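**Student:** Could you have a look at this structure, given as structure tokens, before my questions?
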Amino acid sequence: MAKYDFVMAVGGAPGQGIDSVGQILTRICARHGLHVFTYSAYQSLIRGGHTFLTARISSEPVANQGDTLDLVIALDRNSLETHLPHVAPGGTLIYNSDDVKKVPERDDIQLAPLSYQELSNNTDRKKLMLNICMLGAAMKLVGGDLKVFEDMLTVQFLKSKGQAVVDANIDVARAGYNHAVEHFTAFDTQFQKQEPALAVVDGNSAMAMGGAAAGVKFYAAYPMSPSTGVLHWMANNARDLSIMVRQCEDEISVVNMIIGAAHAGCRAMCATSGGGFALMSEAIGSAGMMEIPIVVINVQRGGPSTGLPTKTEQGDLWQILGASQGDFPKIVVAPTSIVDGFDTIPEVFNLADKFQCPAMVLSDLTLSMGFTTFDPDSINWHPEIDRGSLINGAEQSEGRYLRYEITDSGISPRAIPGTPGHVHVVATDDHDEDGTLISDEFTNPHKRRDIMEKRQRKMDGIAALLPPPTLEGPEDAEVTLIGWGSTHSVIGEAAQLLTEAGISTNHIHFKWLYPIDEDAMNEVLAKSAHSIIVECNYTGQFARFLRGETGFKADGQIRKYDGEPFMPHHIVDGARELLSGKTDLYVPYQEVVV
């Protein structure tokens with residue numbers, strides 16, 4: 001069976017139900033057994049502005065939006081005028097002919113007008129369902145099952161809006177579908193039904209579910225886009241999963257609450273974005289000093305300050321690496337896909353518990369607010385849980401309990417408050433082995449040195465357990481693309497396109513960012529030929545980090561910082577430009593206005 005790869009998009013104004021279209025379309029594809037990745041480009045406005053959702057549909061797993069637009073649904077004139085030039089030759093653009101009487105000519109695509117006024121009988125309620133009517137027409141063009149569409153409308157609206165609204169939506173969906181039967185030409189390549197049917201998840205929910213699977217029992221957050229979806233999932237499922245969820249007044253309260261919960265013995269997590277993480281920084285240092293394991297998710301958006309609240313970036317790496325003052329053990333990891341976000345949370349909790357330190361997860365808007373399909377059977381819903389050296393109530397202390405006992409590994413047996421025979425002091429000042437504050441007697445330089453070295457010895461143990469970066473593709477490739485976190489899929493696809501074009505290319509990708517095993521990392525990097533680092537920020541933060549930690553300097557860099565994620569062709573074009581020797585830095589121009 002030939003690979004099916006198709007990109008459908010819908011554009012309009014906020015309030016026209018674009019998110020609903022994306023959710024319904026993703027569920028339809030999942031029921032067909034097709035893989036989907038969605039990306040929503042929207043503005044930080046309550047009303048006004050322009051929203052554009054892209055759904056890439058494939059017979060194989062896909063995790064980026066691709067390069068083309070095969071079918072565009074334009075809910076308003078602005079969307080038509082903005083995206084008409086970018087529909088691929090042979091594609092289709094569906095629009096409402098009631099609002100757009102004259103369309104610029106394009107002979108190489110199908111312009112598909114429908115009169116919503118005629119198809120819906122123009123009742124006030126049905127004016128709200130233009131999106132569903134047009135999606136009905138689109139389903140006919142791509143070979144979607146109308147019955148599946150109707151089922152997904154029931155899933156979308158029955159619980160929240162009732163049967164009457166479901167029936168009204170089904171009516172306009174059928175009207176759009178039947179109109180397309182009579183007036184439009186369907187695509188030659190149609191939806192391919194595959195087995196099994198798939199499940200649907202967004203990136204924030206995947207990380208929240210990963211937290212539940214990891215045994216999180218306390219979650220706190222202050223709403224901040226694009227991380228708020230983690231809070232929504234936790235709040236919606238808290239009662240069923242016996243998770244305590246608290247929405248706090250600010251991020252300072254958030255992080256201190258999860259530190260308190262973790263100190264009391266339960267796994268605790270929070271999520272925020274860069275501005276919120278800035279407020280958490282001092283408290284994260286206190287978790288490092290008190291050796292309390294917490295997990296903090298930072299869903300990156302464009303910065304600095306309020307920056308781009310609804311756009312993506314990989315701009316918080318140095319903020320995470322430098323969180324709080326002084327030196328203390330910490331773990332930094334960047335999931336490479338939506339589903340990997342689920343897998344990562346239990347993994348990082350086990351490490352945080354084992355080494356009794358804070359851990360930070362770096363996602364970004366591209367992953368966290370994107371939707372994807374996946375096979376539920378491919379997920380380990382019951383991951384191994386390792387709480388590390390956690391003393392239970394049955395154990396007795398032999399003599400005085402040393403909470404911060406100096407050990408070769410740096411890991412001290414941890415007792416939660418209330419454990420009989422294990423009374424100890426916990427404070428943010430530096431301390432002796434039993435928690436006595438060094439400054440209470442005098443600032444003893446020998447004790448300070450011993451306890452600092454004790455904590456930092458954990459870093460060697462953590463680094464030894466973290467998997468090295470992966471090398472994908474032939475080891476003797478002409479070009480090596482290097483990336484981290486959410487760019488995994490788009491870089492991998494660009495490497496494949498370059499190879500198919502005669503430029504042999506491989507790909508080194510980093511998930512576990514800190515601490516590092518320098519020897520293991522250099523062993524992988526030594527296999528690179530003409531090396532190019534790809535990342536979504538202005539200064540090349542990961543390139544600087546990599547050079548500082550290993551001495552490795554890439555031959556060239558591709559950077560993007562306009563708020564939109566990479567498309568495969570951005571990287572392909574950049575690699576060609578860099579190989580020409582004209583420059584060592586390429587910044588792609590975003591052709592599509594979003």
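In terms of UniProt numbering, the sequence shown opens at residue 1 and continues consecutively.
Every residue, glycine too, gets a C-beta built ideally from N, C-alpha and C.
Please read all numbers here as calculations on a predicted model, not as lab measurements.
For GLN156, is the classification buried or exposed, using 16 other Cβ atoms within 10 angstroms of its Cβ as the cut-off for buried?
**Tutor:** Buried, by the Cβ-count rule.
**Student:** Quick one: measure Cβ to Cβ for PHE277 and ASN298, integer angstroms, because I've assumed they're closer than 8 Å.
**Tutor:** 5 Å between Cβ atoms; contact.
**Student:** Give the DSSP-derived three-state secondary structure of ALA9 in the structure shown.
**Tutor:** Looking at ALA9 - three-state DSSP - the assignment turns out to be strand.
**Student:** For ARG246, which beta-bridge partners are listed by DSSP?
**Tutor:** Answer is ALA220, bridged to ARG246.
**Student:** How long is the line joining the alpha carbons of ASN236 and GLU251, rounded to whole angstroms?
**Tutor:** 21 Å
**Student:** What's the C-alpha gap between VAL426 and VAL296?
**Tutor:** About 21 Å.
**Student:** If you draw a straight line from the alpha carbon of ARG403 to that of SER281, how long is it in whole angstroms?
**Tutor:** 24 Å
**Student:** Taking DSSP as the reference, what is the three-state secondary structure of ASN78?
**Tutor:** helix
**Student:** Go through the segment 405–480 residue by residue and report every complete run of the alpha helix (DSSP H) that reaches 4 residues or more, in order.
**Tutor:** 438–441 and 445–465
**Student:** Give the straight-line distance between the Cα atoms of ALA520 and THR470, rounded to the nearest whole angstrom.
**Tutor:** Across the structure, ALA520 and THR470 are spaced so that their CA atoms are roughly 11 Å apart.
**Student:** Alpha carbon to alpha carbon, how far is SER115 from PHE342? Give it in angstroms, no decimals.
**Tutor:** 44 Å
**Student:** Sort out for me which residues DSSP pairs TYR95 with in a bridge.
**Tutor:** According to DSSP, TYR95 bridges with ALA74 and PRO113.
**Student:** Whose C-beta lies closer than 6 Å to the C-beta of ASP432 among residues of the same chain, with five residues either side of it excluded?
**Tutor:** LYS447
**Student:** What's the call for ILE28, buried or exposed, on a 16-neighbour Cβ count within 10 Å?
**Tutor:** That one is buried.
**Student:** Taking the C-alpha atoms as reference points, what is the distance between ARG544 and ASP584?
**Tutor:** Inter-residue distance for ARG544 and ASP584 is about 15 Å (C-alpha atoms, whole angstroms).
**Student:** Count the other CB atoms within 10 Å of the CB of GLU105; is the residue buried (16 or more) or exposed (fewer)?
**Tutor:** Its Cβ having fewer than 16 others within 10 Å, GLU105 is exposed.
**Student:** Is ALA526 buried or exposed, if buried means 16 or more other CB atoms sit within 10 Å of its CB?
**Tutor:** It counts as exposed.
**Student:** Going along the chain, which residues of its own chain have a beta-carbon closer than 7 Å to the beta-carbon of GLY574, five neighbours each way excluded?
**Tutor:** The answer, listed in chain order, is ILE558, TYR586 and PRO588.
**Student:** Rounded to whole angstroms, how far is the Cβ of ALA495 from the Cβ of THR505, which I believe are closer than 8 Å?
**Tutor:** Contact holds; Cβ gap of about 4 Å.
**Student:** Using three-state DSSP, classify PRO61 as helix, strand or coil.
**Tutor:** coil
**Student:** Can you tell me whether ALA287 sits near the ligand SAH, meaning its C-beta is under 7 Å from at least one heavy atom of the ligand?
**Tutor:** In terms of ligand content, the structure shown is empty, and the ligand SAH therefore cannot be addressed.
**Student:** Looking at the unbroken beta strand (DSSP E) that takes in TRP512, where does it start and where does it end?
**Tutor:** Boundaries of the beta strand (DSSP E) harbouring TRP512: 512–514, taken from the DSSP string.
**Student:** Would GLY33 pass as a contact of ALA55 if the rule is Cβ separation under 8 Å?
**Tutor:** no
**Student:** So, under 8 Å CB-CB, LYS330 and PRO358 are touching, yes? Tell me the CB distance rounded to an integer number of Å.
**Tutor:** 5 Å
**Student:** Between ASN522, LEU84, PHE37 and HIS83, which has its C-alpha nearest ASN64's C-alpha?
**Tutor:** PHE37
**Student:** Starting from HIS35, follow its DSSP beta bridges and name the residues at the other end.
**Tutor:** BP columns for HIS35 point to SER58.
**Student:** Would you call the CB atoms of ILE416 and GLY265 closer than 8 Å?
**Tutor:** yes
**Student:** Report buried or exposed for GLU291, applying the criterion of at least 16 other Cβ atoms within 10 angstroms of its Cβ.
**Tutor:** buried
**Student:** With distances taken Cα to Cα, identify the nearest neighbour of ASP353 among LYS458, ALA334 and ASP429.
**Tutor:** LYS458
**Student:** Helix, strand or coil, according to DSSP, for TYR589 in the structure here?
**Tutor:** coil
**Student:** Based on the DSSP output, what are the partners of LEU390 in its beta bridges?
**Tutor:** ARG414
**Student:** Assuming GLU150 is part of the beta strand (DSSP E), what are its boundary residues?
**Tutor:** Where GLU150 is concerned, there is no enclosing beta strand (DSSP E), although the alpha helix (DSSP H) it sits in stretches over 146–161.
**Student:** Alpha carbon to alpha carbon, how far is THR185 from GLN319?
**Tutor:** 52 Å
**Student:** Among the residues of its own chain, which have a CB less than 6 Å from the CB of MET269, if the five just before and after it don't count?
**Tutor:** Cβ within range, chain order: GLY211, VAL216, TYR219 and VAL295.
**Student:** Buried or exposed: which applies to GLU441, given that a residue is buried once 16 or more other Cβ atoms fall within 10 Å of its Cβ?
**Tutor:** Exposed: under 16 other Cβ atoms inside 10 Å.
**Student:** Tell me the DSSP secondary structure of THR550 in three-state form.
**Tutor:** helix
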